[in-house]
Amino acid sequence: MFGIYLRRELLNRRRQTIIIAIGMALAIALVIIVNSVSGGVKNAQAAVLESVYGVGTDITITQEPEAPTEGQGPGQQFDFGSGDGTTTDGTTAVSQSRLEAARGSSTFDASAIDTAAGTDGVAAAVGVLSLTNTTFDGELPDFSQMQQGGTDGAPGSGAQPPSGGPDGAGGSSFDIDSFTVLGYDPAAAAVGPLTAATLSDGRVLEASDAGADVAIIDSTYATESDLAVGDTIDIGGTSFEIVGIVTSTSADGTSASNVYIPLVTAQTLAGLDDQISSVYVQADSADSIDAVKADLETALPDATVNTQEDLASSVSGSLSSATGLITSLGTWLSIIVLIAAFLVAILFTISGVTRRTREFGTLKAIGWSNKRIVGQVAGESLVQGAIGGVVGIALGLVGILIVNLIAPTLGSGTATTTEAAGPGGMPGGPGAAGFGQQAIASTTDITLQLPVTFAVIGIAVGIAILGGLIAGAFGGWRASRLRPAAAFRSVN
Amino acid sequence: MYTLSGVTKTYDQSKRKVTALSGVDLVIENGELVAIQGPTGGGKSTLLQLLGALDRSSSGSVKLDDADLSSLGDGKLATIRAQEIGFVFQGFNLIPTLTALENVETALAPLGFGTTDRRDRSVEALEKVGLGDRIHHLPSELSGGQQQRVAIARALVKQPRVLLADEPTGNLDEQTRDEIMDLLEAEWRERGFTFIVVTHDSAVAKRAPRRLRIKNGTVSER
Ligand SMILES: Nc1ncnc2c1ncn2[C@@H]1O[C@H](COP(=O)(O)OP(=O)(O)OP(=O)(O)O)[C@@H](O)[C@H]1O
Ligand SMILES: [Mg+2]
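Protein sequence lines correspond, in order, to chains A and B.
Going left to right, the first sequence walks through residues 1 to 492 as the UniProt record's numbering numbers them.
Going left to right, the second sequence walks through residues 1 to 222 as the UniProt record's numbering numbers them.
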C-alpha cells in the first residue's frame, strides 16, 4: 500500500514533486559544481607550484639579497686585461665565460640545510645553488670599458644571444650567451629540483657524481643549443659531459634550470664553497607546516621562510585569489540556494499536507495510525528529495563536463617574486629588465579541469536525503497533528 | 453495543465555548439500524464522531461494548476504528490519486492482510456494490453515486461491527439516493452490523426502525 500510494501521489501531484525536486536539484548541482571548481582551481594552483618548486616542497628557505653596493660581488662584469684575447686591426677577439650566483638570489651558508633537517617536523631538506653562466664572445675595440649588455628575456628562457651590431658600439661585435645552472645534491633528490621533471634520455645524477664534471640539461635548452647526451658543455670555463636530458613540466621557476650539475661541483666552480641559494623543505605532515615554519624562522633568523601558501600567493597570485573568491563566494551561494531549496521543500510539503487535511483525516478515520501517515508523508518527501538528488547530480556532472570540455585557461602563475636591483656596472635599461631581477614568470598555461570526487557525490546524496528528511519531518509533524474528525470537513 | 451516559462535548472556539452535545444518555443495541435527524448545528456529526472513536467526549462515557472510547489513547482508538468501524461520508472522501480498488484497499492496510488477500477482498467488495467493471478507475472518472459505492465498499470490506454514515445521500439525486440506500439497507440486513445513519432526508430516515432527533445537543427518541 505504501508503495502504491507513494507512486500515485508523486505521479498525480506532479507539480509539487517537480517544484520540490527542481529546487533540490539546483541546490545540489550548485554544490557539486562549486566544490568541483574550487577543487579544480586548487589542483591548478598545485600544478603551478609543482612546476615551479618541484613536487613535495612544503617550505622554501632563501635569503634576501642585501642591497647591492658598488664593487660588491663579482657583478656582471667582464674584466679584460690588456693581455686577453688576440688583437688584430685595432680590435680584440675575446671569449670568456663566468659562473656566478643567479641574479636576485643571494647565497648563504650550507649549514642551513643541516639546521633545517634537524628541526622538529622536517622530513627532508635539500639545498641547491642557483647559478647563471654567462659567456661573452666577441670582438672589442681597443678600450675595455664596453659593458653594455642589455639583453631581454628572463634568465630562465636562456639562450637568446643578443648581438650588438658592428656599428652599435664603436665597431665591436659580440655575443652574450647566458644559461641557468642549478647545483643540487644528487644524493637527496626527494624534494625540490627535478622532482617535477622526467628523464627523457641518458641518466640522472647519482651520489657518486658529487664533485664530477657531469651535467644534466633541460630538453628545451638541449634543442635550442643542439646538445645531446655525450656532448660537452662549457660551464664557467670547465668542460662538462652531458649525461642526461630531462623534460620539466615547466621551464620556468626556481627549481627549473637549463643545466643541472652536482652541488659540490657547482660550489667549487663558482667559488662559492659551502654556499647555497635555497633550501627545499618537506614537512612530516601538512598540519605541522606552520609550526615548522616558525621553528625554522627562529633557527635561521636571517633567512626568508616561505610555505606553500606563501608561495601560492606569490607564484600564482591570480590563482590563489581566484581560489579564495570561488570558495567563499561559491560556498555562500551554495548555502543560500541550499537554504532556499530546503525552505521551498518544507513549505510545499506543509502546504501539501494542509491541502490534504480531509484526505489524511479520512485515512485516520478508517484506522490508519499516525505512524503510517507520517511514514507516508516522509516517504513522499524523501523520494522527492532523491529525485532532486539524481537530477542535481546529473546537472552538476553535465556542468562539470561542459567546463572540462571548454577547459578554460587560467591566468597561469604570472607573478614576480624577488626583485633586486642589478649590481652596478650593469644598468638594466628599459626593456632590459630581465637581468636585474629574478623573475619567476611562469608562462605555463594551466587549464581548469574540474575533478569529480566520490566525496562530492556523497555530499550531494547526503543533501538530497537530508532535504527530504527535513521536509518530511515538517510535513509528517503537520500530518500527525491533524484530527481524524477532519474527515468530516464538508469542503476540501 | 453502545452505552452513552452523561455525554457532553464542548469545543473551545477562541474564548467562546460551544457545547455541541450536553448530557446525552443513549443505548444502541447490537445490529440496530438507527436514523438520526435534527436541525443544522444540532450535534449530529459530533455524536457520530464520538460513536466512531474519532474524538473523545468532554465528560461522560461512550462505551463500545466494554471499551470506554472517552478514555482510550489515540493508538487504541485507531485500532478500534480499523477493526470495528466503517464510515461513509457525505462527500465520499475517496483518495483522489488512488483507483477505486486502491481506495478500498486502504481500509485493509492497517489490518495486516497479505497483498493478494487484500486485493481479492477489495475486488469482491467492489463487485458486491456493482462496480466490478470500474475497479481501476480514479474517483474523478466516476459519478457521484459510483464514488459513494466505492466508499461503501471501503467501509464494509473489513466487515465492521458498526457502520456510521453521515448524510450518505446528501450529495446525490433522488434516484441515486434510493439506489444507495437500497444497497446499504440490503447489506445491513445481510450482515447484521449496527448501522447508524445521520440524515436530513425523511425518505431516508423512514427506512430506519428507530429514529433519534438531536436538537441543541440533546437527544430524543421520536
Ligand atoms: N471542530 C469544531 N470546532 C468548534 N466547533 C465545532 C466543531 N465541530 C462542530 N462544532 C460546533 O458544534 C455544534 C454541532 O456541530 P455538528 O457538526 O455536530 O452539527 P450537525 O448537527 O452535524 O450539523 P449539520 O446538519 O450542519 O451537519 C455546531 O455549533 C458547530 O459549530
Ligand atoms: Mg453534520
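The C-beta atom is built at its ideal place from N, Cα and C for all residues, glycine as well.
Burial state of residue i, where buried means 16 or more other Cβ atoms lie within 10 Å
| i | result |
| --- | --- |
| Thr-198 of chain A | exposed |
| Lys-15 of chain B | exposed |
| Gln-159 of chain B | exposed |
| Trp-188 of chain B | buried |
| Gln-175 of chain B | exposed |
| Glu-84 of chain B | buried |
| Pro-74 of chain A | Because the pLDDT at Pro-74 of chain A is just 46, under 50, the model does not fix this residue reliably, and the point stays unresolved. |
| Phe-2 of chain A | exposed |
| Phe-454 of chain A | exposed |
| Asn-216 of chain B | exposed |
| Arg-481 of chain A | exposed |
| Asp-209 of chain A | buried |
| Ile-336 of chain A | exposed |
| Trp-368 of chain A | buried |
Pairwise C-alpha distance: residue j and residue i
| i | j | result |
| --- | --- | --- |
| Asp-302 of chain A | Gln-63 of chain A | 7 Å |
| Arg-191 of chain B | Gly-388 of chain A | 50 Å |
| Arg-358 of chain A | Leu-94 of chain B | 10 Å |
| Leu-77 of chain B | Ala-487 of chain A | 15 Å |
| Pro-96 of chain B | Glu-141 of chain B | 10 Å |
| residue 245 of chain B | Thr-3 of chain B | For residue 245 of chain B there is no data in the structure shown, the boundaries of chain B being 1 and 222. |
| Ile-32 of chain A | Ala-25 of chain A | 10 Å |
| Ala-291 of chain A | Thr-119 of chain A | 10 Å |
| Asn-370 of chain A | Ala-165 of chain B | 23 Å |
| Leu-138 of chain B | Thr-99 of chain B | 4 Å |
| Ile-440 of chain A | Val-229 of chain A | With a pLDDT of only 40 at Ile-440 of chain A, under the threshold of 50, the placement of this residue in the model should not be trusted, and no figure is reported. |
| Asp-201 of chain B | Leu-21 of chain B | 22 Å |
| Arg-56 of chain B | Leu-69 of chain B | 7 Å |
| Ala-283 of chain A | Gly-458 of chain A | 31 Å |
| Gln-90 of chain B | Gly-6 of chain B | 28 Å |
| residue 238 of chain B | Arg-15 of chain A | Outside the shown range of chain B, which is 1 to 222, sits residue 238 of chain B, and nothing can be said about it. |
| Val-219 of chain B | Ala-109 of chain B | 36 Å |
| Arg-211 of chain B | Asn-30 of chain B | 15 Å |
| Ala-256 of chain A | Ala-394 of chain A | 42 Å |
| Gly-52 of chain B | Ser-381 of chain A | 31 Å |
| Val-452 of chain A | Ser-38 of chain A | 11 Å |
| Phe-136 of chain A | Ser-225 of chain A | 16 Å |
Sub-7 Å separation of residue i and residue j beta-carbons
| i | j | result |
| --- | --- | --- |
| Gly-211 of chain A | Leu-99 of chain A | no |
| Leu-263 of chain A | Thr-107 of chain A | no |
| Ile-261 of chain A | Ala-215 of chain A | yes |
| Ala-386 of chain A | Ala-464 of chain A | yes |
| Thr-447 of chain A | Thr-409 of chain A | yes |
| residue 227 of chain B | Leu-33 of chain B | Since the first residue of chain B shown is 1 and the last is 222, residue 227 of chain B is not available in this structure. |
| Ala-124 of chain A | Val-191 of chain A | yes |
| Val-279 of chain A | Ala-112 of chain A | yes |
| residue 493 of chain A | Leu-401 of chain A | What is shown of chain A runs 1 to 492, which leaves residue 493 of chain A out entirely. |
| Ser-122 of chain B | Val-88 of chain B | no |
| Tyr-184 of chain A | Val-128 of chain A | yes |
| Arg-154 of chain B | Val-197 of chain B | no |
| Gln-37 of chain B | Arg-177 of chain B | no |
| Pro-4 of chain A | Glu-102 of chain B | Residue identity check: residue 4 of chain A is Ile in the sequence provided, not Pro. Yes, Cβ-Cβ distance for Ile-4 of chain A and Glu-102 of chain B is below 7 Å. |
Beta-carbon contacts of residue i that lie in its chain and below 7 Å, excluding the five residues immediately before and after
| i | result |
| --- | --- |
| residue 499 of chain A | Residue 499 of chain A is absent from the model: chain A starts at 1 and stops at 492. |
| Ala-299 of chain A | Thr-115, Thr-119 |
| Leu-227 of chain A | Ile-217, Ile-233, Ile-242 |
| Asn-171 of chain B | Gln-90, Gly-91, Gly-144 |
| Asn-306 of chain A | Ile-59, Thr-60 |
| Gln-117 of chain A | Note that residue 117 of chain A corresponds to Ala in the displayed sequence, not to Gln. The residues are Ala-125. |
Beta-carbon proximity list for residue i, same chain, < 8 Å, skipping 5 on both sides
| i | result |
| --- | --- |
| Ile-350 of chain A | Phe-474, Gly-475, Arg-478 |
| Ser-239 of chain A | Asp-213, Thr-232, Ile-233 |
| Ile-20 of chain A | Val-344, Ala-345, Phe-348, Thr-349, Ser-381, Gln-384, Gly-385, Gly-388, Ala-471 |
| Gly-361 of chain A | Leu-482, Arg-483, Pro-484, Ala-485, Ala-486, Ala-487, Phe-488, Arg-489 |
| Pro-39 of chain B | Lys-215 |
| Ala-207 of chain A | Pro-186, Ala-187 |
Contacts around residue i, its chain only, beta-carbon distance under 6 Å, and the 5 residues preceding and following it disregarded
| i | result |
| --- | --- |
| Arg-149 of chain B | Val-129, Leu-131 |
| Gln-49 of chain B | Asp-55 |
| Ile-80 of chain B | Ala-53 |
- Task: Name, going along the chain, the residues of the stretch 102–113 of chain B whose beta-carbon falls closer than 9 Å to a beta-carbon of chain A.
- Result: Glu-102, Glu-105, Thr-106, Ala-107, Leu-108, Ala-109, Pro-110, Leu-111
- Item | Near-chain A residues of the stretch 113–140 of chain B (beta-carbon distance less than 9 Å), N- to C-terminal order | Thr-115, Arg-118, Leu-138
- Task: Taking only beta carbons into account, state which residues of the stretch 181–204 of chain B come closer than 8 Å to chain A, listed in chain order.
- Result: none
- Contact list for the stretch 137–164 of chain B against chain A, Cβ threshold 9 Å: Leu-138, Arg-154, Ala-155, Lys-158
- Under 9 Å (Cβ pairs) to chain A, residues found in the stretch 56–82 of chain B: Asp-74, Gly-75, Leu-77, Ala-78, Thr-79, Ile-80, Arg-81, Ala-82
- Message: At a CB distance below 9 Å, what residues from the stretch 269–287 of chain A approach chain D? Give them in sequence order.
- Response: In summary, chain D is missing from the structure at hand, where the protein chains are A and B.
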